[in-house]
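> If you scroll down you'll find the structure; I have some questions about it.
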Amino acid sequence: DTEVTQTPKHLVMGMTNKKSLKCEQHMGHRAMYWYKQKAKKPPELMFVYSYEKLSINESVPSRFSPECPNSSLLNLHLHALQPEDSALYLCASSQQLGQPQHFGDGTRLSIL
Amino acid sequence: GIQVEQSPPDLILQEGANSTLRCNFSDSVNNLQWFHQNPWGQLINLFYIPSGTKQNGRLSATTVATERYSLLYISSSQTTDSGVYFCAADQNEKLTFGTGTRLTIIP
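Going down the list, the protein sequences come from chains U and E. Take 1 as the starting number for the first sequence in the working numbering and just add one per residue. Take 113 as the starting number for the second sequence in the working numbering and just add one per residue.
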């Protein structure tokens, strides 16, 4: 079991749907991250939050909207996604930026 | 951006064998991390190793930052070691993952 909890584990949605991915950690970490991983590829950084403020956006399309309501919670809001957005979405946290990152089990997202 | 290359891309070994995985990075980094992704997709942090050598049980890692490479050693392989091993280089607080080494341990 990991200390970073992601829900849901699986999500199937249509291109017109709106859904959210949730990530929670209770380790007191102040940096949180979203990554996207396509099959047989390495994870790619999407967003970085530090002390609940967006620190890095890796030119991610606006149909992905991150939110960090408090130090333990990170959301990724999804709207009007495309089939190519189907992937494993991984959340991670670290004590501070530049420290070891700990990953959740991910959400497997399929866009129909 | 920084390029992170790993070798070999695939490795098939008998249980009990030893292996060395290599990670080359194209620029100076703040730190280097090694991860294991098991067949279910779980990504586990093995080492945080900006420089020097660390050991954890059957695994050890060495980073030579001045020469821009890191090595992961796995001794006495077990079937549970199977999966993909990623190194990831931290530059400007962004982690860039390497291309990965897929390790298969045969009983």
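Glycine residues also receive a C-beta, built at the ideal position from the N, C-alpha and C atoms.
1) What is the C-beta distance between E:Thr301 and E:Thr174, in whole angstroms, given that I count them as a contact (C-beta under 8 Å)?
2) Should E:Asp202 be flagged as near chain U, meaning a C-beta pair shorter than 7 Å?
3) With a cut-off of 7 Å, does the C-beta of U:Leu45 fall near any C-beta of chain E?
4) How many whole angstroms separate the CB atoms of U:Lys19 and U:Leu11, which I take to be in contact at a CB cut-off of 8 Å?
5) Using a Cβ distance threshold of 8 Å, determine whether the region 198–218 of chain E contacts the region 131–138 of chain E, with at least three qualifying pairs required.
6) Is it the case that the CB of E:Leu133 approaches a heavy atom of the ligand FAD more closely than 6 Å?
7) Tell me where the beta strand (DSSP E) around E:Thr213 begins and ends.
8) What does the alpha-carbon distance come out to for the pair E:Phe159 and E:Pro121?
9) Mind listing the chain E neighbours of U:Ile111? Cutoff is C-beta to C-beta under 9 Å, in chain order.
10) Rounded to whole angstroms, what's the CA-CA distance from U:Leu88 to U:Leu54? Just pull it up for me.
11) Just the C-alpha distance for E:Thr191 and E:Thr216, rounded to the nearest angstrom, thanks.
12) Using a cut-off of 7 Å between C-beta atoms, extract the partners of U:Phe64 located in chain E.
13) Closest Cβ-Cβ distance between U:Asp85 and chain E: below 7 Å?
14) What is the rounded straight-line gap between the Cα of U:Gly28 and the Cα of U:Pro69?
15) Kindly list, in the order they appear in chain E, the residues whose Cβ is closer than 9 Å to that of U:Gly14.
16) With H, G and I counted as helix, E and B as strand and the rest as coil, what does DSSP make of U:Thr16?
17) Smallest Cα separation from E:Asp193: which of E:Asp202, E:Asn130, E:Ser182 and E:Val176?
18) Give me the Cα-Cα distance between U:Leu21 and U:Ser71, rounded to the nearest whole angstrom.
19) Beta-carbon of E:Gly169 versus every beta-carbon of chain U: anything under 7 Å?
20) Counting only beta-carbon separations shorter than 7 Å, does U:Pro42 have a partner in chain E?
Taking the geometry as given:
1) Residue 301 of chain E is absent from the model: chain E starts at 113 and stops at 219.
2) For the purposes of this step, residue 202 of chain E is taken as residue 90 along the second sequence, with counting starting at 1. So yes, E:Asp202 belongs to the interface.
3) The residue labelled residue 45 of chain U in the question sits at position 45 within the first sequence. So yes, U:Leu45 belongs to the interface.
4) The count along the first sequence starts at 1 and reaches residue 19 of chain U at position 19. The count along the first sequence starts at 1 and reaches residue 11 of chain U at position 11. About 6 Å separates the beta carbons of U:Lys19 and U:Leu11, which is inside the 8 Å limit, making them a contact pair.
5) Yes, the region 198–218 of chain E touches the region 131–138 of chain E.
6) Although the ligand FAD was asked about, the structure shown includes no ligands whatsoever.
7) On the second sequence, residue 213 of chain E is found 101 positions in, with the first residue counted as 1. Thr213 to Ile218 is the extent of the beta strand (DSSP E) around E:Thr213.
8) As a position in the second sequence, residue 159 of chain E is number 47, starting the count at 1. As a position in the second sequence, residue 121 of chain E is number 9, starting the count at 1. A straight-line Cα-Cα distance of about 20 Å links E:Phe159 and E:Pro121.
9) Taking the first sequence and counting its residues from 1, one reaches residue 111 of chain U at position 111. For U:Ile111, none of the residues of chain E pass the 9 Å Cβ criterion, the least Cβ distance being about 18 Å.
10) Along the first sequence, read from residue 1 onward, the residue named residue 88 of chain U stands at position 88. Along the first sequence, read from residue 1 onward, the residue named residue 54 of chain U stands at position 54. The alpha-carbon atoms of U:Leu88 and U:Leu54 are separated by roughly 22 Å.
11) Sequence index remark: in the second sequence, residue 191 of chain E carries index 79 (1-based). Sequence index remark: in the second sequence, residue 216 of chain E carries index 104 (1-based). About 8 Å.
12) Numbered from its first residue, the first sequence carries residue 64 of chain U at position 64. What U:Phe64 touches in chain E: nothing, since even the nearest Cβ is about 17 Å away.
13) Here residue 85 of chain U corresponds to residue number 85 of the first sequence, with the count starting at 1. So no, U:Asp85 is outside the interface.
14) Indexing the first sequence from 1 puts residue 28 of chain U at position 28. Indexing the first sequence from 1 puts residue 69 of chain U at position 69. Rounded to the nearest angstrom, the two C-alpha atoms are 15 Å apart.
15) For this step, residue 14 of chain U is matched to residue 14 along the first sequence. For U:Gly14, no chain E residue has a Cβ inside 9 Å of its Cβ, as the nearest lies near 24 Å away.
16) In the first sequence, the residue the question calls residue 16 of chain U occupies position 16. Three-state DSSP puts U:Thr16 in coil, outside helix and strand.
17) Walking along the second sequence from the start, residue 193 of chain E turns up at place 81. Taking only the C-alpha atoms, the option nearest E:Asp193 is E:Asn130.
18) Reading the first sequence from its first residue, position 21 is the one you call residue 21 of chain U. Reading the first sequence from its first residue, position 71 is the one you call residue 71 of chain U. U:Leu21 and U:Ser71 have their C-alpha atoms roughly 16 Å apart.
19) Against the second sequence, residue 169 of chain E aligns to sequence position 57. No, E:Gly169 does not count as interfacial toward chain U.
20) Working through the first sequence from its first residue, we reach residue 42 of chain U at position 42. Residue contact check for U:Pro42 against chain E: a CB pair falls below 7 Å.
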